[in-house]
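Residue numbers (our numbering): -10 to 181. We treat Cβ as the ideally placed atom computed from N, Cα and C, and that holds for glycine. Remember, predicted model here, so these are calculated numbers, not experimental data.
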Amino acid sequence: MMKPSHTNRLMEMLPEEIRLVYQAKSGDTTAFVKLYDLCVERVYRYIYFLVPNTRAAEVLTFQVFFKAWGQLDHYRMFGSSFIVRLYSIAQDQIIVYYRTHKKAVDPDDDFTMAVRGGDFKKEFQVIRNGLHFLTAEQQQILVLKFIVGMSNRLIGRVITRPTGDVGILLLQGLQALTGYLKETELRIEMKG
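Structure follows, in structure tokens:
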């Protein structure tokens, strides 16, 4: 039986994301597929709240991973996490999407999402609609914070702004969204 090399032992100790990125950068397509599996749901959820419908979210999610694959040689593994890089690519793809789709796109009629086993279809649709009254940066910050669950520090990395700016934009976005929700007279009652 052969002893694993020093490099192999070191690779085994690294977090899974870093190990998979290293392997993918070395040309291992299976490792990139595993990265995709680890990250696709989070990237899709982020995009879904910022575009008008499911089809657009699906296409943009595919484009994000396609671009990430093409830019893999330029990715610095220890600069930031791979998921942060994916969110940055997603941000760019969303901007391109809205530049090229200036006509209004029909939102999903069947927007469904369940939280804690409950059906909050109406409430989530109103919140999703309300996001479109915010600035693009406020939308992005609110989705990264409350849908994706990122810290202000990581959000700052994605949008290339200081952490203090993230807090201010987060507060402004919440105030604007609250105003919208008051106008629509939506009262969200959540138990627990």
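If we call anything under 8 Å between Cβ atoms a contact, is residue i one with residue j?
i	j	result
isoleucine 208	isoleucine 148	Lying before the first or after the last residue shown, residue 208 is absent from the chain, which here runs from -10 to 181.
leucine 133	leucine 166	no
tyrosine 33	alanine 45	no
lysine 14	leucine 61	yes
phenylalanine 38	arginine 117	yes
leucine 170	glycine 119	yes
With a CB to CB cut of under 7 Å and the five nearest residues on each side skipped, what residues in its chain are close to residue i?
i	result
arginine 31	Ile72, Val137
tyrosine 25	Phe54
glutamate 190	In this structure the chain extends from -10 to 181, so residue 190 is not present and cannot be described.
phenylalanine 21	Ala13, Trp58
asparagine 139	Note that residue 139 is methionine in the sequence shown, not asparagine. Leu133.
Output needed for residue i: all residues of its chain with C-beta closer than 8 Å, excluding positions within five of it in sequence on either side, in chain order.
i	result
valine 85	none
leucine 49	Ile36, Val40, Ala79, Gln82, Ile83, Tyr86
glycine 145	Pro151, Thr152, Asp154, Val155
glutamine 52	Gln82
leucine 160	none
valine 29	Thr50, Phe54
*Length at least 3, wholly inside the stretch 65 to 89: the beta strand (DSSP E) runs in chain order*: none
*Please go through the stretch 25 to 52 and give each complete beta strand (DSSP E) segment of 3 or more residues, from N-terminal end onward.*
none
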